[in-house]
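What follows is a set of notes on a single structure, which appears directly below.
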Amino acid sequence: MPLNPAVTEDLDAYLDELVDLYKHFHRTPELSMQEHQTAARIRELVEGYGYTAFASGGTGVVATLENGDGPVIAYRADTDGLPIEEDTGVDYASTAQGTLPDGTTTAVMHGCGHDTHITVALETARLLAEHRDQWTGTVIFLFQPGEEISAGASAMLADGLWDRVPKPSAIFGQHVWPGVAGTVNVSVGTAMAMADSLEVTVRGKQAHGSQPENAIDPVVLGAFMVTRLQTVVSRETSARDSVVLTIATFHAGLKENIIPDRAVFTINLRSFDEKVRARALEAIERIVRGEAAVAGAPEPEIRQMYEFPRCYNDPELTGRLLSSLRDELGPDGVNEAPPVTGSEDVGRFGDEIGVPYTYWFLGGHTAESVAAGVAGNHSPMFLPDDVRTALRTGVRSALTALVSNLQK
Ligand SMILES: [Zn+2]
Ligand SMILES: [Zn+2]
């Protein structure tokens, strides 16, 4: 059943304010687990709508609204920005600065679109409070910090989330991406990959650049590791399975004639299956240690930085949601899509208590710009260029998921 026209009329009357609210969050991004101002603004707004709110996991906010007997359903929005210098050129571009855990000062940007997620969740919360005749039960909004470092969901759970609010029977959420605004992409079953982030410290032996015979060169050794690690995908993973292995940072040395004593690089591994993941992790360790042994180098150090769980959309819950979303957005507004290689920690909320969830993707761009090609999430150029339609569709989708499950 589509949403009651009174709800959509209220949303449409509020859209200008909503775009302004989005621009506010866009201008003021904060780094992972440092979302203090963002959390304060969210809390002020949801309490104004009549919700009971509390801080969770540091800079997370949980907001609950009870509206009679009925089911308990949760909706999650992540709130953190990224250490990126915005290069979109819009007049509401971020000029925010932040400090990373290692003390580095950096520009901060909502380069993953979490500003959209916050705004959509807030407006969904407002409309549910305004239109209580349309649903019954309890709704819980999870404003989660620290998604980008896979820390926020764990922090909220460690802070006793499910002891402080009633356990929901379903959890929903969505992520903006460079799809056509007005449409959503939904995967049934596996929706997003597992991810492992590893840091490898290659140990060598320092010497003058003119005397390589006195060195164990960690740059050459690290280069062999990086090259051979490509075979984890090409030679060790079956063509029927899929793995992504990216090495996006490699740091060593300060001067061309000083062979350094170490090199440090990071590995990002994506996989969809636990067995495939375990085999790839085993191969990474074997290759890194094996190459060091061949070079006669000291044992390298492999440190797990963080990992993301798989995001698995419950087929039954997702099947029902697909049909509700088609009623609301029309058949052309809803695409059933294969899983993506991106990762998320949203699944932890449901996995922890065995509750089904569905997480989908929300288009943010005009059809013309999607056809021409647009910058993706995590780019300094990332910007949903039809944010008005994206916000409107995001709110309608969130409301559809919630209201269709909040009936007696
Ligand atoms: Zn991201
Ligand atoms: Zn994101």
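For the sequence shown, this note's numbering assigns the number 1 to the initial residue and increments by one for each residue that follows. Glycine is no exception: its CB is placed at the ideal position from the N, C-alpha and C atoms.
- Taking a cut-off of 6 Å from the heavy atoms of ligand 1, the residues with a C-beta inside it are C112, E148, N377 and H378.
- At least one heavy atom of ligand 2 is found less than 7 Å from the C-beta of D78.
- Taking 7 Å as the cut-off, the C-beta of H114 counts as close to a heavy atom of ligand 2.
- Contact holds between the stretch 141-161 and the stretch 58-71, because three or more Cβ pairs, one in each stretch, are under 8 Å apart.
- Ligand 2 approaches H175 closely enough that one of its heavy atoms is under 7 Å from the residue's Cβ.
- Counting along the chain, G394 sits inside no beta strand (DSSP E); it lies in the alpha helix (DSSP H) bounded by residues V387 to N405.
- Residues A193, M194, V243, R277 and A280 of the same chain have their beta carbon placed closer than 7 Å to that of S271, with the five preceding and five following residues left out of the count.
- For V346, there is no enclosing alpha helix (DSSP H), since its DSSP letter is neither H nor E.
- Around the beta-carbon of H114, 16 or more other beta-carbon atoms lie within 10 Å, marking it buried.
- Contact annotation: L122 and D10 have beta-carbon atoms that are not nearer than 8 Å.
- The straight-line gap separating the alpha-carbon atoms of K23 and Y92 is approximately 6 Å.
- For Y357, the uninterrupted beta strand (DSSP E) segment begins and ends at Y357 to H365.
- Distance check between E316 and each of T190, W177, K255 and Q304 places T190 closest, using alpha-carbon atoms only.
- Per DSSP, the unbroken beta strand (DSSP E) holding G60 starts and ends at G60 to N67.
- Assignment of alpha helix (DSSP H) within the stretch 255-329, counting only whole runs of 4 or more residues, yields 274-294 and 315-329 in chain order.
- C-alpha of A129 to C-alpha of S32: approximately 29 Å in a straight line.
- When C-alpha distances from V200 are compared across K167, T266 and T88, the shortest belongs to T266.
- Counted as a single uninterrupted DSSP element, the beta strand (DSSP E) harbouring W177 occupies residues A170 to V180.
- Around L221, the same chain offers V202, G204, A263, E291, A292, A295 and A297 as residues with beta carbons nearer than 8 Å, after the five sequence neighbours per side are excluded.
- Secondary structure of R164 (DSSP, three-state): helix.
- Ranked by Cα distance from G137, the first of I353, G160 and P166 is P166.
- Going by DSSP, Y22 is part of no beta strand (DSSP E) but of the alpha helix (DSSP H) stretching over P5 to R27.
- Taking one beta carbon from each stretch, the stretch 140-147 and the stretch 32-45 have 3 or more pairs nearer than 8 Å; the two touch.
- Per the coordinates, the alpha-carbon of G89 lies some 21 Å from the alpha-carbon of T389.
- Taking the C-beta atoms as reference points, P178 is found nearer than 8 Å to V374.
- The residues L82, I84, G111 and C112, in chain order, have a CB closer than 8 Å to that of H378 in the same chain once the five nearest residues on each side in sequence are set aside.
- Taking the C-beta atoms as reference points, E344 is found nearer than 8 Å to Y359.
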